[in-house]
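**Q** Protein chains in written order, with my numbering: chain A, 98 to 442; chain B, 98 to 442.
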DNA sequence: TATTTTTTTGGGAACATTCCCAATATTGGC
DNA sequence: GCCAATATTGGGAATGTTCCCAAAAAAATA
């Protein structure tokens, strides 16, 4: 089916396509009457500009790619919305991709985004990603890249993260202050920078408070919940089991909570549990889950702003920025009995 | 910054751009050696095809727009993933838009998708949408449109829904069978076809079981949770309050649950509650929420398949399909005490 | 009215690719 | 070694737009 073009309009009006083009854009050099006639006919003919042709000649698409590893949990959609709103203010559209935690899909998506000539990329990589060549290609071609949440520390690009180290430190210190001595950590894979940082925070909090680091109590896993179940049971079966668990994220913590319930353990008396990310579910279950909360909306907004800033800066003058947003500890019933929710920043 | 083009490759190899083009695509008429040389140089020069130019000349983008009203809740992301996987099998990419429940944003998004020449559209409209002109434009231009979940019944296009009427009927009948006599309904806005269908199911279930329809017990609202809170309190303050509540969706039902707890009511004894959609949270809270479950993944898959089918059919021969997927009632503690989860189809 | 200035318009290259058709090179049969 | 058949290559139009530059028209000035 034929789509109306500026040439159709030009022909019907007996004027040149240049004039139609000017009338349709905000160009000043058109007679007001001519513009009026063009606009009316365009409306009548259902004219829609062809962004492909425009992007081809102007060499910019006004489109930003956002790639996330998944978007079932509340976290990534919220970040996307934050970024999208920020970008929309400057007239940018957004293509959302999810890599499904698959390195291969991530590479394929990166290729597709490159092919559709996005003006920039906002990305959180998969847990499988060890090689970042596919993102470096963007850099080489002068297309701004901003990482968030799961960042590539080796690449010299802007990124936004939360203070994973301090969040973890604070969480573990809270457990220590409430009397726990054997604190386990279900960590994420060491491919993720945030996972590594949380692990460091856990370790340093123990050391700073004179507690030993027992390797038996630290398990790094691939965030597959079925395995979380197994590992929690393993920890609780130890001859000298933990009295507290700090989990990489809320889903893991919730899984631990369910395991504890199943084994007839009392939370927080027999096992205190802390998560990370303040999933909406965490405040609704019984007991409420103590967790490290992140400013999710701001994460997205900042990512958007970083990209916009880079987009309006000369390549030579550009210096990458690394933004770290603060976390806060939300204390609920999974660590302190009969406690109404409390926030500790 | 200059991006490598087939002309660059052609020049460096001393051959024509036609040959390079053939080598880069799956075209048979190229010498194997030539193809090899082209592929190697392309790799070396970081060549990425320019999808804009390709789409411009081939007049198809292999891109499908998916527009949803929001994607914080688990529902829409899951549908998107289902559709995306189906479309990916046939080599289609996806642009995801969310209208943020705003009619204006929806219209703007539709324009942008039209401008970027998507090959098709999968959409669930906002709760504000009464005028569907912006979607009819797609139809007029021969671009396939598939509605899901929130459909426009007035448009002659394919759509996928769940059996809202029967889901609601079954839910209300379950409440009646467990002895409830005054069943309230917190309905959605009447702009949504699924909201209207659920309301009808509610009404007919009451009538079929010889119960009166009390207009006092039916409240239609805009799905803004803050208002749900107010309305639930209003219902419970009635001189003759309801003994059960059927809510338009799970978030509404959860809000009701929280209100009931706050007022010291026992659920399900004082107030039984049923939701719609089986949100992941619903099985985790205490008591578990009885709810109408929908085959969410299948919704997305079917939407994708419908679109693909239309894409490969002549416009003249095409006949819209309307698929209705079955729902099932999941019975939990919010309607039956001490009941382990049970599914009734 | 003639000339200059300003406003408005038109022509055509450029963007990166596909694809048709013609031209050239290679191969096979005799 | 010649001719036909086949394989491979090149040339150039076409896609829908922007944008520069020149041309034409209109308005302002003398």
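Using N, Cα and C, we set each Cβ at its ideal position, and we do this for glycine too.
Fair warning: this is a prediction, and the values are worked out from it, not measured in the lab.
Under the three-state reduction of DSSP, which class applies to residue 254 of chain A: helix, strand or coil?
**A** Residue state, collapsed to three classes: coil.
**Q** Residue 185 of chain B: which of A:111, A:196, A:177 and A:188 sits nearest, CA to CA?
**A** The shortest Cα separation from residue 185 of chain B among A:111, A:196, A:177 and A:188 belongs to A:196.
**Q** Can you pull the chain A neighbours of residue 116 of chain B, defined as C-beta to C-beta under 7 Å?
**A** Within 7 Å Cβ-Cβ: nothing; residue 116 of chain B doesn't reach chain A, min ~21 Å.
**Q** Have a look at residue 99 of chain A and residue 238 of chain B and give me their C-alpha separation to the nearest angstrom.
**A** Spanning the two alpha carbons is a distance of roughly 8 Å.
**Q** Given this structure, state the Cα-to-Cα distance separating residue 435 of chain A from residue 181 of chain A, to the nearest angstrom.
**A** Roughly 40 Å between the two C-alpha positions.
**Q** Thinking residue 176 of chain B and residue 245 of chain B are a contact (beta carbons under 8 Å), I'd like their distance in whole angstroms, please.
**A** Contact holds; Cβ gap of about 7 Å.
**Q** Could you name the residues of the segment 210-235 of chain A whose beta carbon sits closer than 8 Å to any beta carbon of chain B, in the order they occur along the chain?
**A** Flagged, chain order: 211, 212, 213, 214 and 234.
**Q** Roughly how far, in whole angstroms, is the beta-carbon of residue 216 of chain B from the beta-carbon of residue 148 of chain B, given that I think they are within contact range, below 8 Å?
**A** About 13 Å separates the two Cβ atoms, so there is no contact after all.
**Q** Could you name the residues of the same chain whose beta carbon sits closer than 6 Å to that of residue 399 of chain A, not counting the 5 residues immediately before and after it, in chain order?
**A** So the list reads 257 and 420, once near-sequence residues are dropped.
**Q** Give the single residue among A:438, A:208, A:198 and A:313 whose Cα lies nearest to the Cα of residue 65 of chain A.
**A** What is shown of chain A runs 98 to 442, which leaves residue 65 of chain A out entirely.
**Q** In whole angstroms, give me the CA-to-CA distance for residue 342 of chain B and residue 370 of chain B.
**A** If you take the alpha carbons of residue 342 of chain B and residue 370 of chain B, they lie about 5 Å apart.
**Q** Could you give the DSSP three-state label for residue 397 of chain B: helix, strand or coil?
**A** Looking at residue 397 of chain B - three-state DSSP - the assignment turns out to be helix.
**Q** What are the boundary residues of the beta strand (DSSP E) that residue 373 of chain B is part of?
**A** Per DSSP, residue 373 of chain B belongs to the beta strand (DSSP E) from 369-373.
**Q** Against chain A, with Cβ distances strictly below 8 Å, would residue 373 of chain B count as a contact?
**A** Not closer than 8 Å to any Cβ of chain A, the Cβ of residue 373 of chain B fails to qualify, so no.
**Q** With a threshold of 8 Å between beta-carbons, can residue 190 of chain A be considered close to chain B, or not?
**A** Yes - at least one Cβ of chain B is within 8 Å of the one on residue 190 of chain A.
**Q** Counting only beta-carbon atoms, is residue 179 of chain A nearer than 8 Å to chain B?
**A** It does not: the Cβ of residue 179 of chain A has no partner Cβ on chain B nearer than 8 Å.
**Q** At which residues does the alpha helix (DSSP H) containing residue 173 of chain A begin and terminate?
**A** Looking at the DSSP string, the run of the alpha helix (DSSP H) that includes residue 173 of chain A is 172-186.
**Q** I need the straight-line Cα distance from residue 287 of chain B to residue 208 of chain A, nearest angstrom please.
**A** Each residue's alpha carbon lies about 44 Å from the other.
**Q** Taking C-beta pairs closer than 7 Å, name the residues in chain A that residue 150 of chain B reaches, listed in chain order.
**A** What residue 150 of chain B touches in chain A: 153.
**Q** Have a look at B:313, B:241, B:125 and B:299 and flag the residue whose alpha-carbon is nearest the alpha-carbon of residue 417 of chain B.
**A** The residue with the shortest Cα to Cα distance from residue 417 of chain B is B:241.
**Q** Distance check for residue 356 of chain A and residue 365 of chain A, CA to CA, integer angstroms please.
**A** Answer to the nearest angstrom: the Cα atoms are 13 Å apart.
**Q** Since I believe residue 138 of chain A is in contact with residue 110 of chain A (beta carbons under 8 Å), could you give me their beta-carbon distance rounded to a whole number of angstroms?
**A** Their Cβ separation, rounded to whole angstroms, is 6 Å, which keeps residue 110 of chain A and residue 138 of chain A in contact under 8 Å.
**Q** Nearest-angstrom Cα distance between residue 448 of chain B and residue 107 of chain A?
**A** Limits of chain B in this structure are 98 at one end and 442 at the other, which puts residue 448 of chain B out of reach.
**Q** Since residue 215 of chain B is in the beta strand (DSSP E), which residue starts that stretch and which ends it?
**A** Where residue 215 of chain B is concerned, there is no enclosing beta strand (DSSP E), given that its DSSP letter is neither H nor E.
**Q** Given residue 200 of chain B, which residues of its chain have a CB within under 7 Å of its CB, disregarding the five upstream and five downstream residues?
**A** So the list reads 223, 225 and 226, once near-sequence residues are dropped.
**Q** Determine, for residue 174 of chain A, whether the minimum Cβ-Cβ distance to residues of chain B falls below 8 Å.
**A** Chain B contact via Cβ: present.
**Q** What number of angstroms, rounded off, separates the C-alpha of residue 254 of chain A from the C-alpha of residue 408 of chain A?
**A** Those two C-alpha atoms are separated by around 13 Å.
**Q** Could you tell me which of A:194, A:171, A:140 and A:282 sits nearest to residue 160 of chain A, measuring between CA atoms?
**A** The shortest C-alpha separation from residue 160 of chain A is found at A:194.
**Q** Work out the CA separation of residue 300 of chain B and residue 266 of chain B for me, nearest whole Å.
**A** Cα to Cα, residue 266 of chain B sits roughly 8 Å from residue 300 of chain B.
**Q** Thinking C-alpha only, which one of A:285, A:130, A:167 and A:302 is nearest residue 277 of chain A?
**A** Nearest option by C-alpha distance: A:302.
**Q** Less than 8 Å between CB atoms is the rule here; does residue 382 of chain B satisfy it with respect to chain A?
**A** Interface residue, yes.
**Q** Can you check which of these residues, B:431, B:440, B:425 and B:433, is closest to residue 262 of chain B by C-alpha distance?
**A** Of B:431, B:440, B:425 and B:433, the residue nearest in Cα terms is B:425.
**Q** Counting only beta-carbon separations shorter than 8 Å, does residue 245 of chain B have a partner in chain A?
**A** Judged by the 8 Å Cβ criterion, residue 245 of chain B is not in contact with chain A.
**Q** With a CB to CB cut of under 6 Å and the five nearest residues on each side skipped, what residues in its chain are close to residue 423 of chain B?
**A** If we look at residue 423 of chain B and ignore the five residues flanking it on each side, its Cβ neighbours are 260.
**Q** Which runs of the beta strand (DSSP E) fall wholly inside the segment 228-290 of chain A and span at least 3 residues, in chain order?
**A** Entirely contained in the segment 228-290 of chain A, the beta strand (DSSP E) runs reaching 3 residues are, in chain order, 242-245, 255-259 and 280-284.
**Q** Does the beta carbon of residue 168 of chain A come closer than 8 Å to any beta carbon on chain B?
**A** Answer yes: the Cβ-Cβ gap between residue 168 of chain A and chain B drops below 8 Å somewhere.
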